[in-house]
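To keep things clear, I will list the structure first and then write my remarks on it.
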Amino acid sequence: MAVERTVADLLSDRQEEVLDNWFEAVKAATGPRGRELRSDNELKAEVAALLSTLTSAFSAESYDSIDSPEFAASVEMLQEISAARARQGSSPTETATFVLSLKNSLLVFMQEEFDSPETLNSEIIKMNNIIDMLALVTFETFANERERVVQAQSRSILELSTPAVEIWDEILLVPLVGVIDTPRAQQFVENLLETIVETESRVAILDVTGVPVIDTSVARHILKATMAAHMLGARILITGISPEMAQTWTKLDLSSADLHTKGSLRAGLREAFAIVGKRVADQER
Amino acid sequence: MGERVIAVDDVDGIIAARQAGREMARIAGFGSIDQTRIITAISELTRNALIHASGGICTLTDDSDDKFIRIAVRVDDHGPGIPDIEQALADGFTTIEGSYGSGLPIVSRLLSTLVIESEPGHTVVSAAMSRHRSDLR
Amino acid sequence: MRVPILKLGNLLIASIQVELSDTGARRFQDDLLETVAKSDADGVVIDIAALDVVDSYLARILSETAAQVNLLGTKAVLCGMQPAVALTLVEMGREMLGVTTRLDLDQAVGSLRRKIGTQQAEHG
């Protein structure tokens, strides 16, 4: 006898089977990184927890959208799962598959359980919509978290590389590594000037060998720093500019006369010694 | 949020406005360079009012919200007015040094926004510095 | 309150500790030029280490004063600019080109002594 069934009924009655089926699909999609980080039991527990929240969600009167309060727990759990994977370096596909593979699992059981073609059809459509929306949440969270991780990493690279070294009396060496964006450039310029004053330096060598790209606005900040340092009685020399960078800079309205540059760190050091009135000589034998 | 009003009738008024500005900017969370920009702008605007209009009223407001930190500076004076506002704001190097509107291009370079309303007898200059909280260290 | 001007051998040191009004600024200029003329100093150091703000007005006064001192045949050096002040002046477009600047009093006096020494050696 045909009984009106919904996805919710299916999920409560055959939860174990759905779980096993879904878990196998998620496990199959897990890459080596994921397998390192999680045992099968841990992964199954994650899947089970999400399935449990979805079961409650689907038992609501109507489920047209994941914005309804019933789905709050599922969305939150999914966000945590995605964010964790983004941080751990899992692939986007693997993370998306976590949710999308539930579709196939449910489809198999729905076809078995639902007698009437109309019910089957309408339930498939609803279930499909919901899972697509959840997949979008997964994608969005994953992308945002990845972005945040990359920014934090590049910030920490710049923080590590910014400490200036007093390589000689009155000569400061400031090696820059990594990606510099405008807010960091601003902070960097302020720190550099403070350091020049604290160390009473007359020359600061800014080595940019480790910086792949310096855009216009960052170049302008460096120019500003050069001019401000000049008023503090110090010169800024920039070394390690790549040929590509040199080409880009000449296309901007910065003339090479504004920025004091030297090709190599070695040449910069020689110039710095000259500025502070020192000469390197061979020892008497 | 916070608001302070300072009467600027002499150089002590400029100093008071700057000190108030420094404190408000610091409390709002601006770094030391931004604080210097803000109080330099306050100095420009209040000194302008003092020299050309014999004084004015400086109002400082902390307009910060959860996304931005923001300090607004407003200076009202009852001087002769700026005859040509557009010209006063144009490239700072062409403005006559020491003229009524001469500090304005500087303020526009230091701060985020600048609005000027002027007619003979009443001039209001409103400027503000904002920073996105996520840009702060 | 006038800006005190101290004598250090053949050098004059003027340390600006307070904000100057337009009258105060003009008085400072007059005092300094008069003292330079009377004392026959070879060099002047204007120390602004105590100033945490320099607006365009004060920047102009300082530039003018240095230029006027130079015209009297005496070398002028500005020292003690705070980093935040330097950066802000650059952003304002008031870099005070033409004014010799040094980090602090030590460097300023040292550089003046070297320049004056060379000059004396050259002219005997």
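Chains as they are written, first to last, in the working numbering: chain W, 1 to 285; chain C, 1001 to 1137; chain G, 2001 to 2124.
Every residue, glycine too, gets a C-beta built ideally from N, C-alpha and C.
Check	Outcome
Can you pull out the residues from the region 1111 to 1129 of chain C whose beta carbon lies closer than 9 Å to at least one beta carbon of chain W?	none
Please list, in chain order, all residues of the same chain as residue 1003 of chain C whose beta carbon is under 8 Å from its beta carbon, the five residues on each side excluded.	1059, 1060, 1061, 1062
Just tell me which of W:243, W:245, W:8 has its CA closest to the CA of residue 123 of chain W.	W:8
Indicate whether the contact test is met: 3 or more Cβ pairs, each with one atom in the region 1021 to 1041 of chain C and one in the region 2037 to 2049 of chain G, closer than 8 Å.	no
So, does the region 1004 to 1012 of chain C touch the region 221 to 239 of chain W, judging by three or more C-beta pairs under 8 Å?	no
With a Cβ-Cβ cutoff of 7 Å, do residue 1021 of chain C and residue 2056 of chain G count as a contact?	no
Using a Cβ-Cβ cut-off of less than 9 Å, give me the residues of the region 2085 to 2114 of chain G that come near chain C, in sequence order.	2085, 2087, 2088, 2089, 2091, 2092, 2093, 2094
Does any residue of chain W bring its CB to less than 7 Å from the CB of residue 1033 of chain C?	yes
Looking at residue 197 of chain W: is its Cβ nearer than 7 Å to the Cβ of residue 2083 of chain G?	yes
Using a Cβ-Cβ cut-off of 8 Å (strictly less than) and excluding sequence neighbours within five positions of residue 2105 of chain G, which residues of its own chain qualify?	2013, 2045, 2047, 2049, 2079, 2080
By alpha-carbon positions, which one of C:1069, C:1110, C:1046 ends up nearest to residue 1017 of chain C?	C:1046
Distance cutoff 7 Å, beta carbons only. Does residue 2030 of chain G sit that close to anything in chain C?	no
I want to see whether chain G comes within less than 7 Å of residue 1103 of chain C, judged by CB atoms only; does it?	yes
Does the separation of the CB atoms of residue 1057 of chain C and residue 1084 of chain C fall below 7 Å?	no
Can you give me the C-alpha to C-alpha distance between residue 38 of chain W and residue 29 of chain W, rounded to a whole angstrom?	13 Å
Per DSSP, what are the beta-bridge partners of residue 1004 of chain C in this structure?	C:1060
Find the nearest neighbour of residue 92 of chain W within the set W:144, W:36, W:201, W:190, judged by alpha-carbon distance.	W:144
Residues in its own chain within less than 7 Å of residue 25 of chain W by CB, not counting five upstream and five downstream?	101, 104, 105
To the nearest angstrom, how far is it from the Cα of residue 1040 of chain C to the Cα of residue 73 of chain W?	52 Å
Give a yes or no on whether the minimum CB-CB distance between residue 2064 of chain G and chain C is below 7 Å.	no
Taking its Cβ as the centre, do 16 or more other Cβ atoms sit within 10 Å of residue 167 of chain W, making it buried, or is it exposed?	exposed
Which one of W:22, W:150, W:46 has the shortest CA to CA distance from residue 89 of chain W?	W:150
Output the residue ranges of the alpha helix (DSSP H) runs that lie fully inside the region 63 to 137 of chain W and measure 4 residues or longer, sorted by chain position.	72 to 88, 92 to 113
Going by the DSSP bridge assignment, what does residue 2100 of chain G pair with across the sheet?	G:2077
With a threshold of 6 Å (Cβ to nearest heavy atom), would residue 1048 of chain C be considered close to the ligand ATP?	This structure lacks the ligand ATP, and indeed carries no ligand of any kind.
Count the other C-beta atoms from every protein chain shown that fall within 10 angstroms of the C-beta of residue 1119 of chain C, then say buried if there are 16 or more, exposed otherwise.	exposed
If you count every other CB in all the chains shown that lies within 10 Å of the CB of residue 163 of chain W, and 16 or more means buried, which is it?	exposed
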